[in-house]
C-alpha cells in the first residue's frame, strides 16, 4: 500500500541552525501539506502546496519557513533559524484533492536545543 | 477559527458507546475525522461534506449538520483498538487541505 514517507524520523539541532525535513508523498497525489504537533497538543496546519506553489499557509508559517518540491518527488520543509519553540513533531501529508482524505507520514520529531 | 471538541476526554469500558462532538463558529464546507494513537501519525477515518451527510465505517459513524456548524462522531460497542485521540478537522471555504484541527478528544477504552 502506498504511503507517505518522512526522513529523518528524529532530528536534533542547535538553536539558530537550519534544518530541512524531507517527505516523499504518494506518487499520484497532487496536494501536499505540512502540519506541526507540539508534544501533547493538537495538530496545527502549516502550509498546503499545489501546482508547485503555496496555496494556503497559516500564521505559524512565517518567513523562517519555506517549502519546496525540488525534483518532482520530494517535498521539503526548511526552517531557516530554528528556535526552541520549533521543537515539535512535523507531519507531511498528501492527497488527491476534491475533499478527499489526506494521508499522513509518520512524522519527524524535531528537537531544538 | 479552531473548532471546539467535546468532551476533552472520555473513558469507556469495552462495548460501551461514545459520542464526540465538533462545532465551529464559522460556516463549514467539510469536516474530517482522524484518530491518532500515541506516538503515531493521525489516521483518516472519514470526511463529511456539506449537505447534511452521515457516514459509517464499521461501528464508527458520523453526522454533519452544516446549519448548526457541527459534526458528531459516534463510536458504538467500543473496542480496545478504538483508544486514541480523535481530532476533527474543518474546512471553512473549500480551501483544499487547510484543515483546522480541534484540540482532540482522548478516548480510553478499558477491558
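Protein chains in written order, with the working numbering: chain C, 1 to 113; chain P, 1 to 111. Beta carbons are placed, not taken as given, at the ideal position from N, Cα and C, and that holds for glycine.
How should residue i be labelled, buried or exposed, when 16 other C-beta atoms within 10 angstroms of its C-beta is the threshold for buried?
i                      : result
residue 81 of chain P  : exposed
residue 15 of chain C  : exposed
residue 5 of chain P   : buried
residue 38 of chain P  : exposed
residue 86 of chain C  : buried
residue 100 of chain P : buried
residue 38 of chain C  : exposed
residue 53 of chain C  : exposed
residue 71 of chain P  : buried
residue 82 of chain C  : buried
residue 3 of chain P   : buried
residue 70 of chain C  : exposed
residue 7 of chain P   : exposed
residue 48 of chain C  : buried
residue 66 of chain P  : buried
residue 113 of chain C : exposed
residue 32 of chain P  : buried
Leaving out five residues on either side along the sequence, give the residues of the same chain with a beta carbon under 7 Å from the beta carbon of residue i.
i                      : result
residue 107 of chain C : 6, 89, 90, 91
residue 42 of chain C  : none
By Cβ distance, which residues of its chain are closer than 6 Å to residue i, with the 5 residues on each side in sequence left out?
i                      : result
residue 59 of chain P  : 76, 77
residue 100 of chain C : none
residue 59 of chain C  : none
residue 25 of chain C  : 4, 32, 75, 94
For residue i, collect the residues of the same chain with a Cβ closer than 8 Å to its Cβ; drop the 5 residues on either side in sequence, then sort them by chain order.
i                      : result
residue 69 of chain P  : 23, 24, 25, 26, 27, 28
residue 105 of chain C : 3, 4, 5, 6, 23, 91, 92, 93
residue 10 of chain P  : 18, 20, 105, 106, 107, 108
residue 9 of chain C   : 106, 107, 108, 109
residue 42 of chain P  : 34, 35, 36, 87
residue 27 of chain C  : 2, 73
residue 83 of chain P  : 37, 107, 108, 109
residue 50 of chain P  : 28, 29, 30, 64, 66
Looking at the secondary structure, which residues open and close the beta strand (DSSP E) in which residue i lies?
i                     : result
residue 76 of chain C : 75-79
residue 26 of chain P : Looking at the DSSP string, residue 26 of chain P is not in any beta strand (DSSP E), and its letter there is neither H nor E.
residue 9 of chain P  : 9-13
residue 95 of chain C : 88-95
residue 47 of chain P : 43-49
residue 10 of chain C : 10-13
residue 82 of chain P : Where residue 82 of chain P is concerned, there is no enclosing beta strand (DSSP E), given that its DSSP letter is neither H nor E.
residue 22 of chain C : 19-24
residue 43 of chain C : 43-50
residue 61 of chain C : Run containing residue 61 of chain C: none; DSSP gives neither H nor E here.
If you measure between the beta carbons of residue i and residue j, is that distance less than 8 Å?
i                     : j                      : result
residue 96 of chain C : residue 30 of chain C  : yes
residue 78 of chain C : residue 18 of chain C  : yes
residue 90 of chain P : residue 36 of chain P  : no
residue 35 of chain C : residue 44 of chain C  : yes
residue 48 of chain P : residue 30 of chain P  : yes
residue 14 of chain P : residue 111 of chain P : yes
Legend entry - Where the stretch 40-56 of chain C meets chain P: residues whose CB sits under 8 Å from a CB there: 41, 42, 43, 44, 45, 48, 50, 55, 56
Legend entry - Near-chain C residues of the stretch 48-73 of chain P - C-beta to any C-beta below 8 Å: 49
Legend entry - Residues, ordered as in the chain, of the stretch 21-37 of chain P that lie near chain C by beta-carbon distance below 9 Å: 29, 30, 32, 34, 36
Inset, instruction - Return the residues of the stretch 68-91 of chain C that lie within a Cβ-Cβ distance of less than 7 Å from chain P, sorted by chain order. - result: 91
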